[in-house]
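Read through the structure below, which is laid out as structure tokens, and then see the notes.
2 protein chains.
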Amino acid sequence: MSKPTIRDVAKVAGVSQGTASRVINQLPVKPALKARVDSAISTLGYTPNALAQSMRLKYTRTIGIMIRDFSVPAFVNFVKVAQNILSEAGYVLLLAASEDRPEREAEVLNAFASRADGLILTTNAARENSVEKTRSNLSLPVIMLDREPADRQDAILIAHREGMHDALNYLFGLGHKRIALITGNASARPARERILGYREAHAEHGVEIDDALIRTRNFSKEYAFAETTALLGSGNRPTAIVVGGVAMLPGVLRAIKTCNLRIPEDISLIGGTDPDLSELVEPPVTAIQVDYHAIGVEAAQLLLERLNNRIDPSPRIIKFDSKLVIRKSCAPPSSTRSAETELRSLRRSSDT
Amino acid sequence: MSKPTIRDVAKVAGVSQGTASRVINQLPVKPALKARVDSAISTLGYTPNALAQSMRLKYTRTIGIMIRDFSVPAFVNFVKVAQNILSEAGYVLLLAASEDRPEREAEVLNAFASRADGLILTTNAARENSVEKTRSNLSLPVIMLDREPADRQDAILIAHREGMHDALNYLFGLGHKRIALITGNASARPARERILGYREAHAEHGVEIDDALIRTRNFSKEYAFAETTALLGSGNRPTAIVVGGVAMLPGVLRAIKTCNLRIPEDISLIGGTDPDLSELVEPPVTAIQVDYHAIGVEAAQLLLERLNNRIDPSPRIIKFDSKLVIRKSCAPPSSTRSAETELRSLRRSSDT
DNA sequence: ATGAAAGCGCTAACAC
DNA sequence: GTGTTAGCGCTTTCAT
Chain A
230 MSKPTIRDVA KVAGVSQGTA SRVINQLPVK PALKARVDSA ISTLGYTPNA
280 LAQSMRLKYT RTIGIMIRDF SVPAFVNFVK VAQNILSEAG YVLLLAASED
330 RPEREAEVLN AFASRADGLI LTTNAARENS VEKTRSNLSL PVIMLDREPA
380 DRQDAILIAH REGMHDALNY LFGLGHKRIA LITGNASARP ARERILGYRE
430 AHAEHGVEID DALIRTRNFS KEYAFAETTA LLGSGNRPTA IVVGGVAMLP
480 GVLRAIKTCN LRIPEDISLI GGTDPDLSEL VEPPVTAIQV DYHAIGVEAA
530 QLLLERLNNR IDPSPRIIKF DSKLVIRKSC APPSSTRSAE TELRSLRRSS
580 DT
Chain B
230 MSKPTIRDVA KVAGVSQGTA SRVINQLPVK PALKARVDSA ISTLGYTPNA
280 LAQSMRLKYT RTIGIMIRDF SVPAFVNFVK VAQNILSEAG YVLLLAASED
330 RPEREAEVLN AFASRADGLI LTTNAARENS VEKTRSNLSL PVIMLDREPA
380 DRQDAILIAH REGMHDALNY LFGLGHKRIA LITGNASARP ARERILGYRE
430 AHAEHGVEID DALIRTRNFS KEYAFAETTA LLGSGNRPTA IVVGGVAMLP
480 GVLRAIKTCN LRIPEDISLI GGTDPDLSEL VEPPVTAIQV DYHAIGVEAA
530 QLLLERLNNR IDPSPRIIKF DSKLVIRKSC APPSSTRSAE TELRSLRRSS
580 DT
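Residue numbers (the working numbering), protein chains in the order written: chain A, 230 to 581; chain B, 230 to 581.
This is the structure in structure tokens:
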């Protein structure tokens with residue numbers, strides 16, 4: 230009892246396969262025949278096989294998005310707005326997570342290769358030749374998201390370097406000298422650019438960098454927790470932390486809470502984007518903010534234009550600025566900080 | 230210059246299509262021929278067309294998940310663990326969001342119908358006959374997620390009724406009588422069950438229900454914000470709010486903040502699950518907690534067993550309990566609350 | 001071990 | 001306006 234095909238429909242309706250197809254595709258068919266086909270369709274419960282359709286038609290009306298991880302609140306807006314635009318244009322949006330693992334990236338890319346008409350993706354493929362080969366072999370329009378495209382290709386980039394620079398200027402202005410940076414793997418663009426901005430700002434302000442303050446491995450909140458804990462527990466603790474990642478804030482906040490430190494008295498903090506969390510905790514967290522809504526619009530529209538061949542073939546690189554939203558998590562470093570906080574955390578932990 | 234096919238490979242290698250196919254599928258081929266095919270593959274940059282493969286083989290090695298919305302932090306764990314298990318078993322996981330819109334549900338279901346071997350889904354189809362027809366017409370294994378299956382079908386259900394009952398018992402125990410419930414659309418199981426639990430608990434404690442305290446339209450945080458604001462602004466304000474939804478907490482917290490009320494002095498709060506947010510805000514929020522990790526494991530394994538025909542065909546219904554995690558957002562209602570909080574909010578707003 | 005050919009379900013070109 | 005048929009790219013008989 231497998232699914233009925235168009236042949237079954239034709240047979241039951243007593244017409245040819247071609248006529249059945251024409252009814253399904255709303256092409257002109259004499260009413261009497263159309264009625265028979267329609268009734269055959271409903272008695273059989275026929276649905277066209279999308280696989281066979283795509284195979285014949287050479288398009289799928291599907292767009293694939295590959296992202297690192299679904300736990301990134303900022304991506305939610307991005308996906309939602311992209312979905313609305315693409316769905317309006319008649320496409321179905323399918324998502325896959327790479328979990329930042331090269332083998333899964335390749336898998337997903339392959340899965341999408343013949344199952345989608347276009348792709349929006351964040352990949353770390355650059356690191357891995359095998360994945361990069363898969364990617365470059367794709368014969369469909371691809372919009373790279375926050376990744377430097379290896380060859381001639383559309384990309385939407387976020388100005389992380391400038392954003393980090395702004396954040397550091399702000400902290401230097403408050404008098405900080407020991408500023409930690411926690412971000413993801415430097416092999417991918419976002420972290421790499423942030424580190425650049427971090428170094429630039431230090432150079433500009435004539436502050437020497439303590440490399441122990443730069444923590445860069447992955448973007449998870451678990452990693453953020455571990456590194457924050459380590460930084461705060463070290464003898465020569467930073468006076469401020471900048472989080473360069475979009476899902477790391479919970480880990481950093483947990484660590485600060487666990488260490489019984491106060492924001493901003495004991496430690497200043499600039500968070501990655503997480504609109505809800507950063508506004509709802511006490512004190513609200515100053516953050517480097519990116520307009521993911523606008524990025525979603527741009528990515529979807531650019532992809533649609535490519536799909537319709539409506540723009541010249543030279544690759545488009547679009548850059549989005551970030552904005553430092555100042556809330557209440559930063560203050561000047563207290564010069565007597567070190568001794569004072571030791572005392573306070575002692576006092577605190579003794580009364581629990 | 231379209232993508233090379235297996236025919237191109239065969240031609241370049243000077244072998245038959247069948248032999249090329251055998252090389253690709255690791256079947257025994259004489260080394261000399263195999264070498265020629267391999268070199269043809271790499272010079273052409275050939276990749277098999279997954280569409281054609283699936284069409285021929287009748288399977289796709291793909292699992293689809295349809296959820297309402299990606300903004301639900303709890304789903305993230307669910308998806309992540311399901312992905313790990315399914316990926317281990319050789320499947321690629323593709324996600325789609327229905328945005329709670331029937332027409333999109335139908336679209337997604339159709340898209341998955343011939344593009345996936347199995348489905349995990351949360352649908353409100355029950356409301357919409359057209360969607361339900363699409364669903365019931367699916368000829369692949371489906372695990373329903375937190376939805377009462379219409380016909381004989383596997384499902385994983387969460388004990389929302391019992392969870393809500395527990396939450397209310399706790400609040401009644403603290404002395405609350407006016408308890409608001411904010412949850413999603415009652416046409417779907419989760420909200421319906423929560424309302425049941427709410428009514429049961431009231432009946433049990435002999436407390437009459439003020440229907441104005443039950444707010445049930447959708448699960449978005451924007452809706453939660455609006456309803457919380459309305460409830461708090463009303464003359465006869467509740468003394469406690471229970472949030473019955475997994476992504477609503479930010480909206481509720483924002484509203485309480487905007488109204489300048491304090492938790493738990495002015496208003497007690499029990500939140501839906503959002504592990505990070507509920508633990509990191511001040512005070513930490515008591516919550517009805519569900520183990521989405523375990524649910525992900527169960528869903529993935531059940532689906533795999535179905536795909537392998539390894540279990541008897543009678544539908545499995547698996548129920549997961551929730552747990553009330555008591556933090557610090559609930560306190561007895563203050564009898565003089567009304568006058569007092571009016572004063573406080575006046576004082577506060579005057580010093581901003 | 002290999003080649004020739006059928007056929008998965010569909011649409012479109014062609015003939016009537 | 002309708003029926004017949006080729007062919008999308010692939011795997012798998014069936015011969016050899």
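Every residue gets a Cβ at the ideal spot worked out from N, C-alpha and C, and that includes glycine.
Being a predicted model, the structure only gives us computed values, none of them experimental.
Listed by position along chain B, the residues whose Cβ is nearer than 9 Å to that of Phe454 (chain A) form an empty set, because the closest Cβ is around 11 Å away. With a cutoff of 8 Å on beta-carbon distance, Met393 (chain B) and Gly426 (chain B) are scored as near each other.
Counting of Cβ neighbours within 10 angstroms places Arg333 (chain B) among the buried residues, the total reaching 16 or more. Going by DSSP, Thr272 (chain A) is part of the alpha helix (DSSP H) stretching over 260-273. According to the DSSP assignment, Leu498 (chain B) belongs to the beta strand (DSSP E) that extends over 497-500. Here DSSP, grouped into helix, strand and coil, assigns Asp383 (chain B) to strand. Interface flag for Ser250 (chain A) against chain B is unset, since no Cβ pair is found closer than 8 Å. In the three-state scheme derived from DSSP, where H, G and I count as helix and E and B as strand, Ala523 (chain A) is classed as helix.
Burial state of Asn306 (chain B) is buried, judged by a 10 Å Cβ sphere holding 16 or more other Cβ atoms.
With respect to the 8 Å criterion, Arg344 (chain B) and Thr412 (chain B) are not classified as neighbours on the basis of their beta carbons. Here DSSP, grouped into helix, strand and coil, assigns Gly247 (chain A) to helix. Counting only runs of 3+ residues, the beta strand (DSSP E) found wholly inside the stretch 441-497 of chain B occupies 443-445, 469-473, in chain order. Of all residues in the stretch 509-532 of chain B, those with a C-beta nearer than 7 Å to a C-beta of chain A are Leu509, Val510, Glu511, reading in chain order.
Using a CB distance cut-off of 8 Å, Ser343 (chain A) counts as an interface residue toward chain B.
Along the length of the stretch 278-346 of chain A, whole alpha helix (DSSP H) runs at least 4 residues long occupy 279-286, 302-317, 331-342, reported in chain order. In the DSSP assignment, Leu425 (chain A) falls outside any beta strand (DSSP E) and lies within the alpha helix (DSSP H) extending over 418-433.
In the structure shown, Ala516 (chain A) falls within a strand segment according to DSSP collapsed to helix, strand and coil.
Around the beta carbon of Lys450 (chain B), 16 or more other beta carbons lie within 10 angstroms, which makes this residue buried. Residue burial annotation: Asp346 (chain A) is buried, with at least 16 other C-beta atoms found within 10 angstroms of its C-beta. The beta carbons of Val308 (chain A) and Leu324 (chain A) sit closer together than 8 Å.
Taking 8 Å as the upper bound for CB-CB distance, Leu273 (chain B) and Pro233 (chain B) are in contact here, some 4 Å apart. For the set B:Gly464, B:Ile385, B:Gly247, B:Leu338, the Cα lying nearest the Cα of Leu369 (chain B) is the one of B:Leu338. In terms of Cβ geometry, Ala484 (chain A) and Phe448 (chain A) do not form a close pair [threshold 8 Å]. Put simply, of B:Asp440, B:Ala476, B:Leu478, B:Asp329 the residue whose alpha carbon is nearest the alpha carbon of Ser416 (chain B) is B:Asp329. Identification of chain A residues near Leu506 (chain B) by a Cβ-Cβ cut-off of 9 Å yields Pro479, Asp505, Leu506, Leu509, Val510, ordered along the chain. Excluding its 5 nearest sequence neighbours in each direction, Ser365 (chain A) has C-beta neighbours in its own chain below 8 Å: Ala379, Asp380, listed in chain order. With distances taken between CA atoms, Leu498 (chain A) lies nearest to A:Ala516 out of A:Cys488, A:Ala516, A:Pro257, A:Ala249. DSSP lists B:Ile294, B:Ile372 as the bridge partner or partners of Ile349 (chain B). Taking a Cβ-Cβ cut-off of 8 Å, the neighbours of Val308 (chain A) in chain B comprise Phe299, Ala326, given in sequence order.
Taking 8 Å as the CB threshold, Ser558 (chain A) stays off the interface with chain B. Contact between Leu350 (chain A) and Leu374 (chain A) holds, since their C-beta atoms are separated by about 6 Å, short of 8 Å. For Ala409 (chain B), no alpha helix (DSSP H) encloses it; the enclosing beta strand (DSSP E) starts and ends at 408-412.
When secondary structure is reduced to three states using DSSP, Lys552 (chain B) falls in the strand class. DSSP places Ile547 (chain A) in the strand class (E or B) of the three-state scheme. Nearest CB-CB separation between Leu323 (chain A) and chain B: below the 8 Å threshold. Taking 8 Å as the CB threshold, Gly274 (chain A) lines the interface with chain B.
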